[in-house]
Amino acid sequence: MTLTPDQQTDLKHFYNQLEYFPLEPDDPRYVPFLEQGSDYDPIESLWARIVTSEAASVNLLSGQRGSGKSTELRRLRKKLIDEGCVVLLCDMQNHLNLTQPLEISDFMISLMVAFNLELKAIYGQDCTRRSYWDRLIEFLSQEVQIKDLKLEGELAEPELLGGKFKVGIGAALRDDPSFKTRLQEHLRGHVVELIRQAHGFAAEAVQSIRQRDGDRDRKVVLLVDSMEQIRGVGTEAHKVHESVENLFAAHADMLRIPLLHVVYTIPPYLPPLVPAIGQILGGNPVCNLPSVHIRDRNGSPDPVGLTVMRQILEKRHTGYREILLDGQVDRLALSAGGDFRGFFRLVRDCLIKALTRKTLPVPEAAVIDAENHLRREMLPLAEDDKDWLRHIAQHQECRLPNTGQLPRLARFFDTHLVYNYRNGEDWYDVHPLLRSELGA
Numbered sequence: 001m002t003l004t005p006d007q008q009t010d011l012k013h014f015y016n017q018l019e020y021f022p023l024e025p026d027d028p029r030y031v032p033f034l035e036q037g038s039d040y041d042p043i044e045s046l047w048a049r050i051v052t053s054e055a056a057s058v059n060l061l062s063g064q065r066g067s068g069k070s071t072e073l074r075r076l077r078k079k080l081i082d083e084g085c086v087v088l089l090c091d092m093q094n095h096l097n098l099t100q101p102l103e104i105s106d107f108m109i110s111l112m113v114a115f116n117l118e119l120k121a122i123y124g125q126d127c128t129r130r131s132y133w134d135r136l137i138e139f140l141s142q143e144v145q146i147k148d149l150k151l152e153g154e155l156a157e158p159e160l161l162g163g164k165f166k167v168g169i170g171a172a173l174r175d176d177p178s179f180k181t182r183l184q185e186h187l188r189g190h191v192v193e194l195i196r197q198a199h200g201f202a203a204e205a206v207q208s209i210r211q212r213d214g215d216r217d218r219k220v221v222l223l224v225d226s227m228e229q230i231r232g233v234g235t236e237a238h239k240v241h242e243s244v245e246n247l248f249a250a251h252a253d254m255l256r257i258p259l260l261h262v263v264y265t266i267p268p269y270l271p272p273l274v275p276a277i278g279q280i281l282g283g284n285p286v287c288n289l290p291s292v293h294i295r296d297r298n299g300s301p302d303p304v305g306l307t308v309m310r311q312i313l314e315k316r317h318t319g320y321r322e323i324l325l326d327g328q329v330d331r332l333a334l335s336a337g338g339d340f341r342g343f344f345r346l347v348r349d350c351l352i353k354a355l356t357r358k359t360l361p362v363p364e365a366a367v368i369d370a371e372n373h374l375r376r377e378m379l380p381l382a383e384d385d386k387d388w389l390r391h392i393a394q395h396q397e398c399r400l401p402n403t404g405q406l407p408r409l410a411r412f413f414d415t416h417l418v419y420n421y422r423n424g425e426d427w428y429d430v431h432p433l434l435r436s437e438l439g440a
């Protein structure tokens with residue numbers, strides 16, 4: 001069969017609609033999947049805690065990459081704005097190298113730079129007498145007396161902000177590991193003062209917002225996204241995971257920022273490593289964003305979860321049923337384990353195969369090929385990994401034998417060899433396409 005020009009155009013349009021990126025809650029492609037068939041909505045929990053709390057607070061949100069976390073943070077932002085809060089969303093992957101060890105000093109600098117930029121994006125100017133950048137440069141030059149590092153340059157800002165802004169440390173912390181290491185060394189004797197100044201800047205910004213809005217009780221909320229993507233690579237893995245534990249546990253008091261309600265995203269391996277992490281950071285339990293519940297613990301498909309995945313496709317392309325049969329969509333959703341990013345990837349692979357084979361609807365062989373392609377990328381598995389993954393598949397739990405095994409567990413989560421689900425309680429399972437390889 002030869003595809004008509006209209007069919008080819010339709011396939012290309014569908015393919016591009018499956019680009020994976022965060023959505024705003026009023027985006028026509030958004031599907032409120034957490035509100036369907038579940039009694040657990042972490043976003044509602046975070047919203048309720050923040051609007052109820054009169055004092056500054058810290059909340060933690062955990063979830064794997066591809067679970068829709070960044071999109072759901074945008075839903076939280078809208079709900080809080082509707083309650084009269086000022087909400088700043090900072091994507092830390094734009095400010096940090098998430099594969100390098102962190103220290104409280106470089107993390108707080110990056111966070112405050114991001115916070116300052118978001119304030120300027122919302123209000124069009126600095127909300128404080130002096131920007132955080134100016135304070136930081138003065139602190140590093142006069143008190144720390146850094147002589148061997150270039151601290152700043154100038155770069156034109158986006159049109160929204162106008163003028164110029166100084167750059168150097170912010171970009172170098174993200175892109176230059178040697179600069180980051182040397183700055184960390186310089187700051188180790190000055191951490192307390194660095195944190196005091198950062199907290200002072202944040203508190204002054206909140207007071208300025210309240211004065212500007214004429215509301216002395218206006219809540220200001222800082223959503224810190226992408227921290228769950230911190231992952232170690234190769235020989236650095238253990239150092240990175242150790243630094244994350246140290247950041248959130250040993251420096252918990254420094255992450256509580258005066259007058260601000262802060263939500264930090266955290267990697268899924270952190271709660272097993274530091275079981276009392278929520279209590280350490282202020283008492284609020286960790287909120288977890290699990291993968292879409294497309295299968296029950298006994299292995300039977302969950303019709304509610306599968307309906308959600310079909311709705312997501314329909315929002316992207318209303319005529320998807322002329323391209324993929326519902327049975328094929330369900331199969332791909334089950335094969336992806338309820339992970340949005342993996343699901344989109346499988347569907348896109350099927351669309352490419354339909355284009356090259358010039359046939360519609362997508363042939364069953366194309367679905368099988370897409371699954372095999374994804375499975376091959378996860379293989380081969382080391383024998384000791386197989387043993388651990390079999391245990392997870394059989395017992396649906398994710399125990400950490402000892403902290404020395406944390407890099408392996410983190411890798412399982414980061415590469416989606418293991419998924420986290422919730423059905424009354426948290427449980428775990430291996431990637432569906434690995435079950436035959438594991439004999440599970």
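According to the UniProt record's numbering, the sequence shown holds residues 1 to 440 in order.
We put the beta carbon where it would ideally sit given N, CA and C, even for glycine.
For residue j and residue i, the rounded distance between their alpha carbons
i, j, result
"ALA365", "LEU351", "12 Å"
"GLN64", "LEU73", "14 Å"
"GLU245", "GLN17", "38 Å"
"SER335", "LEU346", "9 Å"
"GLN229", "THR4", "42 Å"
"THR415", "ASP326", "27 Å"
"ALA205", "ILE257", "12 Å"
"PHE33", "TYR15", "22 Å"
"VAL308", "LYS315", "11 Å"
"HIS95", "SER110", "6 Å"
"PRO101", "GLN311", "40 Å"
"SER53", "GLY189", "35 Å"
"GLY404", "HIS238", "8 Å"
"GLY342", "TYR40", "23 Å"
"PRO407", "ASP26", "38 Å"
"ARG174", "LEU119", "21 Å"
"ALA393", "ASP426", "14 Å"
"VAL233", "ASN97", "12 Å"
"VAL224", "THR356", "42 Å"
"PHE248", "MET112", "17 Å"
"VAL31", "LEU136", "42 Å"
Under the three-state DSSP convention, the category residue i falls into
i, result
"THR52", "helix"
"ARG422", "strand"
"LEU346", "helix"
"VAL167", "Because the pLDDT at VAL167 is just 46, under 50, the model does not fix this residue reliably, and the value given afterwards should be weighed accordingly. Reduced to three states, the DSSP call for VAL167 is strand."
"VAL286", "coil"
"LEU223", "strand"
"ILE266", "strand"
"LEU360", "coil"
"ASP429", "strand"
"SER57", "strand"
"LEU434", "helix"
"VAL87", "strand"
"GLU19", "coil"
"ARG212", "helix"
"PRO25", "coil"
"HIS261", "strand"
"TYR123", "helix"
"ARG375", "helix"
"ARG129", "coil"
"GLU236", "helix"
"ASP176", "coil"
"LEU160", "Because the pLDDT at LEU160 is just 34, under 50, the model does not fix this residue reliably, and the point stays unresolved."
"TYR40", "coil"
"VAL367", "helix"
"TYR320", "helix"
For residue i: DSSP bridge partner residues
i, result
"VAL192", "Answer is none; VAL192 lacks a bridge partner."
"GLY337", "None; GLY337 has no bridge partner."
"GLY63", "LEU289"
"ARG295", "PRO301"
Local Cβ density within 10 Å of residue i, reported as buried at 16 or more and exposed below that
i, result
"GLY214", "exposed"
"VAL329", "buried"
"HIS13", "exposed"
"ILE43", "buried"
"ASP10", "buried"
"ASN372", "exposed"
"ILE50", "buried"
"HIS395", "exposed"
"ASN298", "exposed"
"LYS180", "buried"
For residue j and residue i, believed in contact at Cβ under 8 Å, the rounded distance
i, j, result
"MET227", "MET378", "With 8 Å as the limit, MET227 and MET378 do not qualify as a contact, their Cβ atoms being about 25 Å apart."
"CYS127", "SER208", "4 Å"
"SER291", "TYR428", "Actually they do not touch by this definition, with Cβ atoms about 10 Å apart."
"PRO271", "LEU400", "The Cβ separation is near 10 Å, so there is no contact."
"ILE294", "VAL191", "That pair is no contact at about 45 Å."
"PRO267", "ALA410", "7 Å"
"VAL286", "ILE277", "6 Å"
"GLU193", "GLU143", "7 Å"
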